[in-house]
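Asker: The sequence shown begins at 201 in our numbering and counts up one residue at a time. Just dropping this structure here.
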Amino acid sequence: MSTILILGATSAVAGRIAELYAEASTKEQSHQIYLIGRREDVIQTVSQRLGETVVGTDSVDFVDLSATKLCIRKAFEVMGSFDYVLIAHGVIGDQILSEASVEEALTVIEVNYTSVVAQLVTLTTLMANQSAGKIGVITSVAGDRGRPRNYTYGAAKGALNIYLQGLRSVRWGSGLEVYTFKLGPVDSPMTVDHEKNVTFSTIDTVAEKIVQAFESRHYVHYIPGYWWFVMWVVRWLPEPVFQKLGFLSDR
Ligand SMILES: NC(=O)c1ccc[n+]([C@@H]2O[C@H](COP(=O)([O-])OP(=O)(O)OC[C@H]3O[C@@H](n4cnc5c(N)ncnc54)[C@H](OP(=O)(O)O)[C@@H]3O)[C@@H](O)[C@H]2O)c1
C-alpha cells in the first residue's frame, strides 16, 4: 500500500496524476490518496472521480502558511507516513503588472516559491523518521532563463529549482528522494489565454510522464524530455545572441 499526498490537487495536471494513481490501485498494490487544494468544490469533484482511494481532503489557500501547515499535519496523522508527495500548485500571474505592482510581483513569488518552501519544511520535518519517501515538485522550464514574457514567474520557479537541489543533496542517501519536474508549456487552465503552438503538451502526456519519472533514479526531469536539450541551448545562448532572437527575447 502506498500513501500519496497531493498539494495543489485542483490543478488539472495534478488531478490527472491522481486519477492515474487511482486507476493503478489494485488489491495487491493499493493507493491511498489525500488531496489538498484551494477550491473546495473542485477538490470534492476530483475526490468523487477518484472514489474510495481518497482517504481525506482539505481546502486551504497556500498563502496562509500556518493553515497549510495544519492541513499537512492532519494528512500525516490520517496516513501515518507519506510515500509520495506531489506539490503541483502555481500561478503564472500578469508579467507586465508584476513589473509595476509590488503586490502582483510578491504574489507570484509567494505562491510559486515561498509557499512551496514552507510546505517542504513541514513535510521534511514530518518525514524525517521515515526510511523511504518521495517528494516531487512541479517547476517550469521558465525557471532556466529569465525571459521578458514571464520572468517574475520564472524567477520564482528558478529559485525553487535551486532550493530543491539543496534539499536533494542534504537528504541524499537518507531514503527521502526529492524530484524536480520541469514542465514545458501545457495546454491546461493555466495557459487558457495563451496562443497554442507545437511546443504545448497535453495534460495526459505530462501526467503520465510525471508518474513514470517518480519511479526513476534520476531526480531532475524535463517533461517532456526534449526540453532538456531545448533549455540547454536556451540557457547557454550568449546574451547578444539571445537578444537578437525575437521568439525568445520578445514579450
Ligand atoms: N500549464 C503550463 O503551461 C505549465 C508549464 C510549466 C509549469 N507548469 C506548472 O505546472 C503546475 C500545474 O499547473 P497546471 O498546468 O495544472 O495549471 P492549473 O490547472 O491552473 O493549476 C494550478 C493550480 O494552482 C493552484 N493555486 C494557485 N494559487 C494557489 C494558492 N494560493 N493556494 C492553493 N492553490 C493555488 C490553483 O488553484 P485554484 O484551482 O484554486 O485556482 C490551480 O489548481 C504548476 O506548478 C505550474 O506552475 C505549468
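Beta carbons are placed, not taken as given, at the ideal position from N, Cα and C, and that holds for glycine. All of these numbers come straight from a predicted model, not from anything done at the bench.
Which one or two residues does DSSP pair with Glu-377 in a beta bridge?
Answerer: According to DSSP, which records beta bridges pairwise, Glu-377 is partnered with Lys-334.
Asker: Just reading off the alpha helix (DSSP H) that Gln-232 is part of, what are its end residues?
Answerer: That residue, Gln-232, is in no alpha helix (DSSP H); its beta strand (DSSP E) goes 231 to 237.
Asker: Taking the alpha helix (DSSP H) that Ser-449 belongs to, which residues open and close that run?
Answerer: 446 to 449 is the span of the alpha helix (DSSP H), which, as asked, contains Ser-449.
Asker: Mind checking whether the beta-carbon of Leu-383 lies closer than 7 Å to any heavy atom of ligand 2?
Answerer: This structure lacks ligand 2; the ligands present are ligand 1.
Asker: Can you find the residues in the same chain that come closer than 6 Å, C-beta to C-beta, to Thr-257, ignoring five residues on each side of it along the sequence?
Answerer: Cβ within range, chain order: Leu-235, Ile-243 and Ser-247.
Asker: Could you tell me the distance, in whole angstroms, from the CA atom of Leu-205 to the CA atom of Ile-233?
Answerer: Whole-angstrom Cα-Cα distance: 6 Å.
Asker: So is Gln-295 buried or exposed if we call it buried at 16+ other beta carbons inside 10 Å?
Answerer: Buried, by the Cβ-count rule.
Asker: Kindly indicate the opening and closing residues of the alpha helix (DSSP H) around Ile-403.
Answerer: That run of the alpha helix (DSSP H) goes 403 to 413.
Asker: Taking DSSP as the reference, what is the three-state secondary structure of Val-291?
Answerer: In this structure, Val-291 counts as coil in the three-state DSSP scheme.
Asker: With 16 other CB atoms within 10 Å as the buried threshold, where does Met-327 fall?
Answerer: Buried, because 16 or more other Cβ atoms sit within 10 Å of the Cβ of Met-327.
Asker: Buried or exposed for Val-291, please, with buried defined as at least 16 other CB atoms from any protein chain shown within 10 angstroms of its CB.
Answerer: Classification for Val-291: exposed.
Asker: Judging by CA-CA distance, which residue of Gly-333, Met-279 and Leu-306 is the nearest neighbour of Val-504?
Answerer: Beyond the ends of the chain as shown, which are 201 and 451, falls residue 504; an answer cannot be given.
Asker: Just tell me which of Asp-404, Pro-438 and Thr-380 has its CA closest to the CA of Ser-416.
Answerer: Considering only alpha carbons, the answer is Thr-380.
Asker: Quick one, which of Lys-382, Leu-367 and Val-378 has its alpha-carbon nearest Gly-425's?
Answerer: It is Lys-382.
Asker: Counting pairs of Cβ atoms below 8 Å between the stretch 395 to 405 and the stretch 269 to 276, do you hit three or more?
Answerer: Counting Cβ pairs under 8 Å, fewer than three are found: no touch.
Asker: Let me know the alpha helix (DSSP H) ranges lying completely inside the stretch 352 to 397, each 4 residues or longer, listed in chain order.
Answerer: Runs of the alpha helix (DSSP H) inside the stretch 352 to 397: none found.
Asker: Which value, in whole angstroms, describes the spacing of the CA atoms of Ala-318 and Phe-442?
Answerer: The alpha-carbon atoms of Ala-318 and Phe-442 are separated by roughly 35 Å.
Asker: Ignore the nearest five residues each way along the sequence and tell me which others in Gly-215's own chain have a CB closer than 7 Å to its CB.
Answerer: Closer than 7 Å at Cβ, skipping near neighbours: Ala-209 and Val-246.
Asker: Applying the 10 Å Cβ sphere with the 16-neighbour rule, what's the burial state of Thr-268?
Answerer: Buried is the call here.
Asker: What residue from Pro-348, Ile-217, Thr-203 and Ser-202 has the CA that sits closest to Ala-413's CA?
Answerer: Of Pro-348, Ile-217, Thr-203 and Ser-202, the residue nearest in Cα terms is Ile-217.
Asker: Starting from the Cα of Gly-250, find the closest Cα among Leu-265, Ala-222, Tyr-351 and Arg-239 and give me that residue.
Answerer: Sequence check: residue 250 is Leu here, not Gly. Selected option, being the one with the closest Cα: Ala-222.
Asker: Among Glu-219, Ala-342, His-394 and Gly-280, which has the Cα closest to the Cα of Ser-465?
Answerer: Because the chain spans 201 through 451 in this model, residue 465 falls outside it and cannot be assessed.
Asker: What is the residue span of the alpha helix (DSSP H) that Gly-343 lies within?
Answerer: No alpha helix (DSSP H) contains Gly-343, which DSSP labels as neither H nor E.
Asker: Mind checking whether the beta-carbon of Thr-210 lies closer than 7 Å to any heavy atom of ligand 1?
Answerer: Indeed, a heavy atom of ligand 1 lies less than 7 Å from the Cβ.
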